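For the sequence shown, UniProt numbering assigns the number 1 to the initial residue and increments by one for each residue that follows. For every residue, glycine included, the Cβ atom is placed at its ideal position computed from N, Cα and C. Predicted model only: the values in this text are computed from it and were never measured. What follows is a short report on a single structure.
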Amino acid sequence: MSYSTQSIRNVALAGHPGAGKTTLFEALLQAGGALQTAGTIERGSTVSDFDPIEKQRGHSIDASIASIDHAGMHVNLIDTPGYPDFRGPALSALGAVETVAVVVDAAAGVEYGTRRMMEYARGRNLCRAIIVNKIDHEGASLEGVLADLRETFGPECLPLNLPADGGRKVVDCLINPQGDSDLGPVAEWHQKILDQIVEINETVMEHYLDLGEEGLSGDELHDAFEQCLREGHLVPVLFCSARTGAGIGELLDVAERWFPNPAEANEPPYEKGPERTRIQAAPDPKAHVIADVFKIVNDPFVGKLGVFRVHQGTVKKDTQLFVDDGKKPFKVGHLFKLRGKDHVEIDQAIPGDIAAVAKVEELHFDAVLHDSHDEDQIHLSPLDFPRPMFGLAVEAASKGQEQKLATALHKLSEEDPCFVVEHEAETNETVIRGLSDLHLRINLERLKERYGVEVTSRPPRIAYRETVSGKAEGHHRHKKQTGGAGQFGEVFLRIEPLPRGTGFEFVDEVKGGTIPGQFMPAVEKGVRQVLQSGALAGYPIQDVRVIVYDGKHHPVDSKEVAFVAAGKKAFLDAIGKARPQVLEPIVELEVNAPEQHMGDVSGGLASKRARISGTDSVRGNEIVVKAQVPLSELEGYAAELKSVTAGRGRYSLDFSHYEPVPSNVQQKLVEAYKPRHEED
Numbered sequence: 001m002s003y004s005t006q007s008i009r010n011v012a013l014a015g016h017p018g019a020g021k022t023t024l025f026e027a028l029l030q031a032g033g034a035l036q037t038a039g040t041i042e043r044g045s046t047v048s049d050f051d052p053i054e055k056q057r058g059h060s061i062d063a064s065i066a067s068i069d070h071a072g073m074h075v076n077l078i079d080t081p082g083y084p085d086f087r088g089p090a091l092s093a094l095g096a097v098e099t100v101a102v103v104v105d106a107a108a109g110v111e112y113g114t115r116r117m118m119e120y121a122r123g124r125n126l127c128r129a130i131i132v133n134k135i136d137h138e139g140a141s142l143e144g145v146l147a148d149l150r151e152t153f154g155p156e157c158l159p160l161n162l163p164a165d166g167g168r169k170v171v172d173c174l175i176n177p178q179g180d181s182d183l184g185p186v187a188e189w190h191q192k193i194l195d196q197i198v199e200i201n202e203t204v205m206e207h208y209l210d211l212g213e214e215g216l217s218g219d220e221l222h223d224a225f226e227q228c229l230r231e232g233h234l235v236p237v238l239f240c241s242a243r244t245g246a247g248i249g250e251l252l253d254v255a256e257r258w259f260p261n262p263a264e265a266n267e268p269p270y271e272k273g274p275e276r277t278r279i280q281a282a283p284d285p286k287a288h289v290i291a292d293v294f295k296i297v298n299d300p301f302v303g304k305l306g307v308f309r310v311h312q313g314t315v316k317k318d319t320q321l322f323v324d325d326g327k328k329p330f331k332v333g334h335l336f337k338l339r340g341k342d343h344v345e346i347d348q349a350i351p352g353d354i355a356a357v358a359k360v361e362e363l364h365f366d367a368v369l370h371d372s373h374d375e376d377q378i379h380l381s382p383l384d385f386p387r388p389m390f391g392l393a394v395e396a397a398s399k400g401q402e403q404k405l406a407t408a409l410h411k412l413s414e415e416d417p418c419f420v421v422e423h424e425a426e427t428n429e430t431v432i433r434g435l436s437d438l439h440l441r442i443n444l445e446r447l448k449e450r451y452g453v454e455v456t457s458r459p460p461r462i463a464y465r466e467t468v469s470g471k472a473e474g475h476h477r478h479k480k481q482t483g484g485a486g487q488f489g490e491v492f493l494r495i496e497p498l499p500r501g502t503g504f505e506f507v508d509e510v511k512g513g514t515i516p517g518q519f520m521p522a523v524e525k526g527v528r529q530v531l532q533s534g535a536l537a538g539y540p541i542q543d544v545r546v547i548v549y550d551g552k553h554h555p556v557d558s559k560e561v562a563f564v565a566a567g568k569k570a571f572l573d574a575i576g577k578a579r580p581q582v583l584e585p586i587v588e589l590e591v592n593a594p595e596q597h598m599g600d601v602s603g604g605l606a607s608k609r610a611r612i613s614g615t616d617s618v619r620g621n622e623i624v625v626k627a628q629v630p631l632s633e634l635e636g637y638a639a640e641l642k643s644v645t646a647g648r649g650r651y652s653l654d655f656s657h658y659e660p661v662p663s664n665v666q667q668k669l670v671e672a673y674k675p676r677h678e679e680d
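Structure below.
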């Protein structure tokens, strides 16, 4: 099918786990003619959850893409994981779409995942819609869930349609507002949504006030509607049942009529150069190519796939593309559309479309593809990913598989921005970091399933940090004489704390050449060695300024190695006098549990040095407890919460900040650390 940019709709299905995103994805594919029969999670036959581990666990782990060609419209639909453990792939999809459709379970209402994805979409300046699924569910409170949405996200949440006939169908609220719904007369909601739309534009408002609804042209209403979506003045609410098909055809009609095409949506946040100057990527098929890679897939059959969204220009077979600021282009050999695990070859990708190229090793997440050096130094404003806070030290279970393990871990980290692989030089350990124990376990399963690599692992390492709380001076003279040429370097420096989260500053205040300029990088190198390895308990040092103000050198014996050693030892000398502290990561924890278990939940958190910041009641006799908790206290919390809530409690967390550990905890960490700063 041939289509234009104006015919494209890019939509991500997001939301809380269990809301029915994957089932809705299947229902939309079937209704749009892309599937004869919708698959089911129970049978493991869905288009999007094709990974063996997804089938085994019954929920999405990766974002999956498929397209629908329906009524002259080309819809690129992305099914995203709901579990916060797999937020990396879910958030990555936001860089590829104009509209985020947050799916809500009609029986559960607004949940943690609902709020988080609405916040992420708003922060990315994307158009938002809410799809209330499972309207046929016996426990659904449709009036309650609509009130819940409006209370949580504001009066701009207004229904474009409403359930009727006991959830067996939906009725339109905007264009054909006829009859009654399960929530009462449609006319009342019709008036509310019409008022919300026309007030966004003064000219449209005047026409409406002077001539009434009949005086508004279709174009006026459409343009005002799109402006409402772009500015967040309207969040349309749509009702459906993915299981029965109620409202599914209407969803496609709404996408075609009301969801923005790439030319109507807010501009992608492209920036250029270190000054981060905002630039426009116009959806012009004849302009230079600008595209962004939002997903990497390491496919066992076609190799490495880079999935990208075209923002400007047209990508065709044989197009020469640069990756970021690379000097050597690659030639597009084959161009694909994805349909779950399948790849359909295409001839071109126009502005607004989503496509993939294979076997280009330079590709990585968030790479910018372009066909002219005029577009060097261009990048999308980075997405705000949560920090990977859980860690495991891993090693190959069998000798001789170390390189195979390293290669496999690299491939997994390419696919998930929140899965990080680090090598800790001080302990010679490979450490994997992720968003939760589950996130790490899934990746270990994938190591075995995909790459045949088994590992041994040690308990999660907490990402402690070190800093100083006072000012101090440090000094060291490094002098060695071994019979031939000697080594000599002397450094005087002072250190002072920086505000939390600032990082590190190195300042050269040496006057008169007492340390020649060519040796100052060596002094900084020695300081940075301590930053990496720690001085108090073996953890990286942050939030400190180092000022080198004096020193001595020898015209013959001064060498780089001497000033590396002098800088390192002078820094250690100063740290010991500057009231060093160990910092621990604090996370924002949100616990959902039945109301009758509130005492057990709150008491358990109190025993973990938690600071409870709020407790809210939500629909269904549930409570939400919010707290700040040291990450170190949450080891084994999933099992503990399951025990005290009879399996009905759940939690999510996000990194908040670092703060000093209590003195007794610091003492234990220091005692457990075996100093590795031996004499050179």
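Length of the line joining the Cα atoms of residue i and residue j
{"i": "E679", "j": "E362", "result": "With a pLDDT of 38 at E679, under the threshold of 50, the modelled position of that residue is not reliable, and the figure given next carries that caveat. Computed Cα separation, rounded: 42 Å."}
{"i": "F322", "j": "S372", "result": "7 Å"}
{"i": "T502", "j": "G526", "result": "20 Å"}
{"i": "Q56", "j": "E345", "result": "30 Å"}
{"i": "H478", "j": "A291", "result": "53 Å"}
{"i": "L211", "j": "E220", "result": "13 Å"}
{"i": "V618", "j": "N592", "result": "9 Å"}
{"i": "S656", "j": "A96", "result": "27 Å"}
{"i": "residue 686", "j": "A396", "result": "For the chain, the structure presents residues 1 to 680; residue 686 sits outside this window and is missing."}
{"i": "R43", "j": "T23", "result": "12 Å"}
{"i": "G232", "j": "T203", "result": "19 Å"}
{"i": "A164", "j": "A242", "result": "15 Å"}
Own chain residues within Cβ distance below 6 Å of residue i, not counting five before or after
{"i": "A570", "result": "G474, H475, H476, V491, L493"}
{"i": "I65", "result": "I78, L338"}
{"i": "G167", "result": "I135, D136"}
{"i": "Q529", "result": "K568"}
{"i": "A610", "result": "A627, V629"}
{"i": "L669", "result": "A537, V582"}
{"i": "F259", "result": "R9, T99"}
Own chain partners of residue i with C-beta closer than 7 Å, once the 5 adjacent residues on each side are dropped
{"i": "E54", "result": "S60, I61"}
{"i": "A19", "result": "G82, V103, V104, D105, N133"}
{"i": "C157", "result": "I130, L149, R150, V235, V237"}
{"i": "V453", "result": "A396, Q401, K404, L405, A408, L447"}
{"i": "residue 681", "result": "Outside the modelled stretch of the chain, which goes from 1 to 680, sits residue 681, for which no answer is possible."}
Counted within 10 angstroms of its Cβ, other Cβ atoms place residue i as buried (16 or more) or exposed
{"i": "R676", "result": "Note that R676 has pLDDT 44, beneath the 50 cutoff, so the model's placement of it is unreliable and no number is given."}
{"i": "D299", "result": "exposed"}
{"i": "K304", "result": "buried"}
{"i": "R309", "result": "buried"}
{"i": "N176", "result": "exposed"}
{"i": "D85", "result": "buried"}
{"i": "D325", "result": "exposed"}
{"i": "K328", "result": "exposed"}
{"i": "T37", "result": "exposed"}
{"i": "V254", "result": "buried"}
{"i": "E402", "result": "exposed"}
{"i": "A646", "result": "exposed"}
{"i": "Y546", "result": "The displayed chain sequence assigns Val, not Tyr, to residue 546. By the 10 Å Cβ count, V546 comes out buried."}
{"i": "E275", "result": "exposed"}
Residue span of the alpha helix (DSSP H) that contains residue i, given as start and end
{"i": "Q596", "result": "Unbroken run through Q596: none, as it is neither H nor E."}
{"i": "Q191", "result": "186-198"}
{"i": "C228", "result": "218-231"}
{"i": "Q403", "result": "402-415"}
{"i": "D437", "result": "437-451"}
{"i": "E671", "result": "663-672"}
Limits of the unbroken beta strand (DSSP E) element including residue i
{"i": "H343", "result": "342-346"}
{"i": "Y651", "result": "650-660"}
{"i": "Q312", "result": "303-312"}
{"i": "R339", "result": "335-339"}
{"i": "A291", "result": "290-299"}
{"i": "F488", "result": "487-497"}
{"i": "A358", "result": "354-358"}
Contacts around residue i, its chain only, beta-carbon distance under 8 Å, and the 5 residues preceding and following it disregarded
{"i": "E250", "result": "N161, V170, D172, L238, C240"}
{"i": "L641", "result": "V591, A593, V601, G604, G649, R650, Y651"}
### Message
Restricting to runs no shorter than 4 residues, where is the alpha helix (DSSP H) found entirely within the segment 32-113?
### Response
Counting whole runs of 4 or more residues, the segment 32-113 contains the alpha helix (DSSP H) stretches 52-57, 87-92.
### Query
For the segment 512-572, which segments carrying the beta strand (DSSP E) assignment without a break, of at least 3 residues, lie completely within its bounds, in sequence order?
Secondary structure within the segment 512-572: the beta strand (DSSP E) runs of 3 or more consecutive residues, fully enclosed, are 544-552 (chain order).
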